[in-house]
Structures are given as structure tokens and as C-alpha cells.
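Chains as they are written, first to last, in our numbering: chain A, 4 to 493; chain B, 386 to 819.
Structural data, given as C-alpha cells:
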């Protein structure tokens, strides 16, 4: 109950149309020339001091991208994007050597966001707490600025660093896995990312290791007209376990910023990866001006037998979301999960869902999606579940519920189910409703105010998904839900 | 994806355009409006051609790849042996789209007209043809409109309760394969009631193309119980379109039984134009061999307080492929909408495939909408239970399949029609069991 009250307090405390993370940080930064060409790709690669094969890979992706068409099948509409009008690379001028050398402005930014970058602060912050600590990799515009707890992770054999660093320190690992889940020419945005990605996180958990702490990345777009293209690669070797969280924010700008990330997960035999996202990019103002275009390709490959990949996402931000975290269930007995809360308000457009591709024997997947639309937004769940000829014993359960608040928003469900095997069992159910008058009335007559009642019902509606989040994030997510819905309740 | 990206025309597309041009070059048939409709349809087809997988509404049926060639329009042919009665009904037989002798002893309130006669006489009901179609381009519908000329018009006067069921049997006949484009218009005026049966049959050995469009208009307070039995020949291609517009406080129930054709596609456009109406769209597809059957529904809740129920059962044996796409659209003013959609598939073979895509598109908040979809094999425990009670495996299987498909048949209100459908189900199962 206390969390619900907190939600309500949050709603009250905030004026309509306030994005808490909308500040801009003044940092001198170095940018690649505006626009996209082979030279931009070479510039980025040179800046990163990448090996020759990496540049060749990028250029190949760029050439393929030129021949691709922007996808139009999603239920989102936006003006034609001029890909020459963006900066594809921006980095703070002073390259930090250690956390202590980070530009104080950036540190301040992350403090404002509530991300402790200094280990000692982090330690102080949680003293006396349950002892759970979170290692953070912070990505500012195009580059990773700091990664914490590296030494301690190294003791366990876990590699957690920025992907540029990984390219220098562990090129063989990167070369082996990069693009093996999302190939360079996978789709329009993934191909663009392959050509110009600037940074991101890299995680490798060796055989049999259970990663001793939660890993986290925080992404922030700061510069004007900048596209952020990060690439995350997580590998859990045989029997390993890792839980990873990512969060994202951006300043309030009138123009639309572009974010096209790629996330690749590889789970080998008996490994488990839990990937949680709290996405809170700037959604645009109340008239739908500005906001981030979030075109993300996320895919996990359950490559080994008995492996498991679980996606949990809380999507509250972005003007446009185009995102389908997927699982390829290749190994026998592998398992994929997708838990999602997608909230849209104002003029936001969300087209999100998942893909569960059953290839191995006795694979199972579970999809729980909760969409809440308010204001003038449109919220679409789009998901694919398929079982191939050899996927005997495949099992899927899908549940997607939508809640509409107000009569000017839209909620849509587009599931695709392709069963090519008789022993596959697929179940799908979806409902759409508004907050029932009976439920509201019941809460009101028990003495709750209208706002408290709505918050209680909405929190109940998304509870299945919130329970899947790591504890530290669950509280934040609950607050975020309330803030996202502010102005729409009552 | 993009019109100007369209690859070169296929042979089938080109011959269809040539046939359309030949049709349009003939002396004008009917009013200026009809000719404009044909010209527009021809232009739309020339621009868009046959749908591919990239066209979302045809995602699982690549008609462009499937239609290798097109045979010429089917001409007059001898009336084949009449199919056995489905239920006791007033029968109208169309051979290659042309109505044969129309029954003369019609009950009061019922009018039957051949479309060709209606066009020659510039009948006022023709105004209703293609006046309320889907907004998006539909290749099957456009082709049918382009060739508009053969078919029938059925009119039920206000308040008339037609006692007999009316059966429209559409048959293909000919020594060579051919194409049929049939248009049927059914107008049921305010407060009238009609039981309608549509049947599609043809010889097993002819690879003919049957493109059939039926448009139904229900006036306020009207009731129509509609059964559609598609039992085309083994090698046929069946492209069916059914567009229904419902007035206020109407009751419309459709049952679709899909048994035949190598490739079949049925698109149902159901639109609520008046509030407090009910629409039930249900069906069973029994598919064996290498059949491909696609049922695609668009249920458009354009006004408030309407109820729709969709339930489809697909049984797949051998290498058959079933497709169900259903879309419930709830427009901004359609408050208090109640929509339920369910598609269930039973896969009897590892080579069979079922593709389900039930969609909800909702723009109003005070609604109750749900959809579900399942796919799976027969339940081993239930099968075991029946066998432990002494039923042979084949029989137990048949019983379970019958029960599975029967759930949809139950909703057919008319007992006679229900029994006739069940008899078809049983016959299919018996044939399969050998």
C-alpha cells in the first residue's frame, strides 16, 4: 500500500507536462561532422582505434544500409527522417582515464539522475542495506564514460566494460560473438547501428560463474541533433548467470533525436540472462513536439540446451517506440520470457512486443504484456510466436492486456502465431478494457480519492510484470508509471 | 511496401489486365456509374496487382506467387447434375456465374433478379452495388468489380419473414479450366428476415478460378442467418469476399464451412452502421492434402453499443495450411462495444501449419474486447480416456475432432442447418478415417 501512496504523492507533486530528466548539461564535446557517409564511418572507427576487420565490418554494413528501405509496417507515423541531419558521433572532449578524472559536469549529470558512479559513494549509499550492489556502465552521448566495480567483477572473472574497450582488450571474444545474433544486415535500423555504433556495454560471464552483482548501464543523450547508437553484447558462458539492467534519459529538446540501439544476448548451455530495461527517454511535450525516436533491435539467442533468457521492460518514454526484444530458442529445453509494461501518454506512439522463435525441442516461452494508453497516444502490441517443423513439444503462453484511460487514445494488439508442428501448444489471450466503474466505485466508497483509486488499479494491472524486475528497479518503475500517467487520471 | 517498388507484372497479372481491357472495350454495359466502377477497379488492379506477403492483409497467402497463370473467362456450359439438397430450400443455381431458370413460385416479399437483367433494365437496386466497400485496396474485390456483369440480386421487402431458406448454388462447369466472377447483392429491408445458404462446388479435376463477391445490406431490425459452404473442386482457386453492412438493431449470424479448393481465401468485411446490433461470424475449416485455406475478417465497430462474436475452428491434416486473420476495429465513437474473437486450430500432422493473427484496433475506452488463439494437437489424456472406455483409437479421434469443430456449429440457430453442417463434418471425418 505504501508504494501506491508514493505513486499518488508523485502524481500530485508533479505539474502536468514535466519531464524530470529534461535538463541539459554543458559539456564541451567533440563531434563527427554532421551527416552520414563512408567518411563518418571511418571517422568513428578511427576515433575508437579499432582493428581493420571492424572497419571492414562497419563499411560493409553501411553499404548494405544504402540499399535498404525504412520499414513502414509498424503502427507509428512520423515525418520522414533526414539521416543527414544528425551527428553520428559526439564525445566529451576530455577523455577520462579513471572515474576521478571524469568531467565534474558529467558526474553532476549522473548525480541528478541518481546514478552513483563513484564506487565509494555507491558503497556508502548502500551501507547497512541488503548488500546488493550494482555495477554501472554510464554512456554519455556516444561514449562510455565510466564503469564501476570493475576490479571486483574481474576477481570473479566477469568482464564488464564498454564495447570499445572490449574491442581493444578482448578482440577475439568480440569478433566471435558480435553480429552473431543480430547480423549486420538484419534490418534497416540494426544495419545503421552496425555502421555507426559508437559505444555500449560488453559483458562476458565465464563458465559456471554466477555474476556477483547486478550489472547496469545508463544511457543519456545530451548533445543537440545527436543520434545515439549503442551496441550491447552480453555473453553468458555455460552454466553462467547474469542480471543486467539498463536505463535511459535525454534532455528536453524541440527536435526529435534518434536512438537506434542493438542488443545481442548469447546464452550457452545451462546459462541464464535476465535483461531489464527502464526506458524513459524524453517523450516530447504535451503537443507532441520533440522527443526521442527509439528504434531498437534487441535479440537473445538461447544457443545452448537448458538456457534461459528473460526480458523485462518498462517503457514510459520516447515519442516513438519501435522495439521487439526477441528470443531465439535454439537449444533444447531452452526458455524465453518477455514481461512488458508499455505506457503511452500525450502524443506518444508505441509499437512494441516480442518474437519467440521456437527451434529446439521442448522449448517454452511466456509473454506477459500490459499496455496502458492515455492522452492522445497509440499503443500497439505486436508479437510473433513461431514453432518450426522440428520444434517438437514447443509451448507458448501469451497474455496481453490493454487498458485505456480516456477516449482519445488507441490500444491495439497484433499477434502473429505460426505453428508448424502438431505437438506445439500455443495459447494466446488478449483483452482490452477501461478501468471498470465497479472497481473505481468500490475503491471510492472505501475512502480512497479518485487518483488513489486509479493508481491502485493501474498498479494492480501491471503487478505481474513489476514482480519480475530487480528490487532496486521495481520501486523506480512504480514511480515512473505514476509520473507517466499524470494528468490523465481523474 | 511501396507501390513504385513493384516488380514486373507476372503472366497472371498481365492476362487479367488484358481480359479486363477486353471486357471494358465491349459496348458499355449498364449505367455510367457501373462503367466508372469497372474502370476504377481496372486502374487500381493495374497499379497494385496481385497481393504478395508484403501486403499485410495477405501476409500468409502469397496470391501473386500462387496464381501462375489465368485461364480465360468461363463461358456458357451445360448445367451439371444438381448437388444433393443441403436443407429443404428454395434453390437458385448459378453455373459459371450465370443464373439458370429462376424459381417462379416465390413467397411474397421476395424478389430474385439476374444481375444481367437488372443491368439491362438499369434497376434502382444497382445503386447499392459497391457503394459500401472497404477503404483499402483488395485485389480479389477489385477484380470482381472490374468484371462486374454476372450474378443475382435478392431483395426481401420490409417486414417480410421468408419461410423457406434460400439456397444459392454456385457451380463451375466446363471441359477446360476457366475463370468465374460472380456478384451477388442481398438486400433485406427493415424488419425482414431471411435464411440464406451459399454453396460453391465444381469438378475435382478442373483448375478453375472462382471469384465470388456477395454484398449484404440489412435494414433496421432485420435478421439474416447465413451459411456458406465452400466445397470447390480439389484443384480450384477460390477467392471469396463477403461484405455485410448492418443497420440498427439487426441480427446477423454467419457460418462458414471450408472444405474444398487447393487455395482458398475468404475475406469478410462486417460493418456496423447502426447501433444495438449483433453480428456472429463463425466457422470451421476441415483441411487435408496440401490445401491452403485463408479466412480473414474485418469487423468494423463504427457505432456504439454493438456486439460481435467470432469463433473459428481449423482442423489440419497432412500438409494442409490454415490461416486465420481477424481484426476487430473499434472506432472512436463506438462506446459500449462488446467484441470477442477466438481462433482455435487442431494440428493432426507434423507437416500441417496454422498461422493465426487476431488483431484488436481500439480507439474508444468504454469497451470490452478480447481475442484468443490456440494451436495444438489432440489431447493425449482425453484420447487415452476414451480408449480406456473401449473406443478404438480412430473412433476416439473422430469423436474429439467432431467435438472440437462442433463448438462452433452449436451457434447456428436453425436446427436443420446445424444438422446439415454436422453431417458434412461427419462425412469429412469418415472419409479421412477411410
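Glycine included, every Cβ here is placed at the ideal spot set by N, Cα and C.
In the same chain as residue 64 of chain A, and ignoring 5 residues on each side of it, the C-beta atoms closer than 7 Å to its own belong to 187, 188, 194, 197 and 198, in chain order.
Counting the other CB atoms within 10 Å of its CB gives residue 674 of chain B a total below 16, which places it among the exposed residues. Residue burial is scored here from C-beta neighbours: residue 158 of chain A has fewer than 16 other C-beta atoms within 10 angstroms and is therefore classed as exposed. Annotation for residue 267 of chain A: 184, 185 and 236 place their beta carbon closer than 6 Å to its own, counting only its chain and skipping 5 residues before and after. DSSP assignment within the region 305 to 390 of chain A yields no whole alpha helix (DSSP H) run of 4 residues or more.
Per DSSP, the continuous alpha helix (DSSP H) segment holding residue 794 of chain B begins and ends at 778 to 794. The residue among B/473, B/450 and B/621 with its C-alpha nearest the C-alpha of residue 551 of chain B is B/473. The straight-line gap separating the alpha-carbon atoms of residue 560 of chain B and residue 591 of chain B is approximately 8 Å. For residue 743 of chain B, at least one C-beta of chain A is nearer than 8 Å to its own C-beta.
DSSP links residue 36 of chain A through a beta bridge to no other residue. B/612 is the residue among B/736, B/696, B/689 and B/612 whose C-alpha sits nearest the C-alpha of residue 585 of chain B.
Taking all protein chains in view, the Cβ of residue 56 of chain A is surrounded by fewer than 16 other Cβ atoms within 10 Å, so the residue is classified as exposed. A check of alpha carbon separations from residue 679 of chain B across B/409, B/700, B/797 and B/662 identifies B/700 as the nearest. Between the region 303 to 320 of chain A and the region 262 to 279 of chain A there are three or more C-beta pairs closer than 8 Å, enough to call the two in contact. Under DSSP, residue 759 of chain B shares a beta bridge with A/430 and B/729. By the criterion of at least three beta-carbon pairs nearer than 8 Å, the region 586 to 606 of chain B is not in contact with the region 782 to 789 of chain B.
If you look at residue 400 of chain A, you'll find it in the beta strand (DSSP E) that goes 398 to 407.
Secondary structure of residue 201 of chain A (DSSP, three-state): coil. Non-local beta-carbon contacts of residue 575 of chain B in its own chain, meaning distances under 8 Å to residues more than five positions away in sequence, involve 543, 544, 604, 605, 606, 607 and 632 in chain order.
DSSP, read as helix, strand or coil, puts residue 446 of chain A in helix. Annotated three-state conformation of residue 463 of chain A is helix, per DSSP. In the structure shown, the three-state DSSP call for residue 487 of chain B is coil. When DSSP assignments are scanned along the region 636 to 693 of chain B, the uninterrupted stretches of beta strand (DSSP E) that are 3 or more residues long and fall wholly within it turn out to be 636 to 643, 648 to 657, 663 to 672 and 677 to 686.
If the five residues before and after residue 381 of chain A are omitted, its C-beta is found closer than 6 Å to the C-beta atoms of 352 and 413, all from its own chain and listed in chain order.
Under the three-pair Cβ rule at 8 Å, the region 747 to 766 of chain B counts as touching the region 404 to 413 of chain A. Per DSSP, reduced to three states, the secondary structure at residue 423 of chain B is helical. The three-state secondary structure of residue 220 of chain A, taken from DSSP, is strand.
Annotation for residue 770 of chain B: no beta strand (DSSP E) segment contains it, though the alpha helix (DSSP H) segment containing it runs 765 to 773. DSSP places residue 817 of chain B within a helical segment (H, G or I) once states are collapsed to three. In the structure shown, residue 185 of chain A falls within a coil segment according to DSSP collapsed to helix, strand and coil.
Approximately 22 Å separates the beta-carbon atoms of residue 629 of chain B and residue 646 of chain B; this is outside 8 Å, ruling out the contact.
Within the DSSP bridge table, the entry for residue 739 of chain B names A/422 and B/707 as partners.
Put simply, the backbone Cα of residue 589 of chain B is about 10 Å away from that of residue 557 of chain B.
Between residue 563 of chain B and residue 481 of chain B, the beta carbon gap of about 7 Å places them in contact (Cβ cut-off 8 Å). Under the Cβ distance rule, residue 281 of chain A does not count among the residues neighbouring chain B, no pair being separated by less than 8 Å.
Within the region 440 to 511 of chain B, the complete beta strand (DSSP E) segments of 3 residues or longer fall at 474 to 480 and 495 to 499, listed in chain order.
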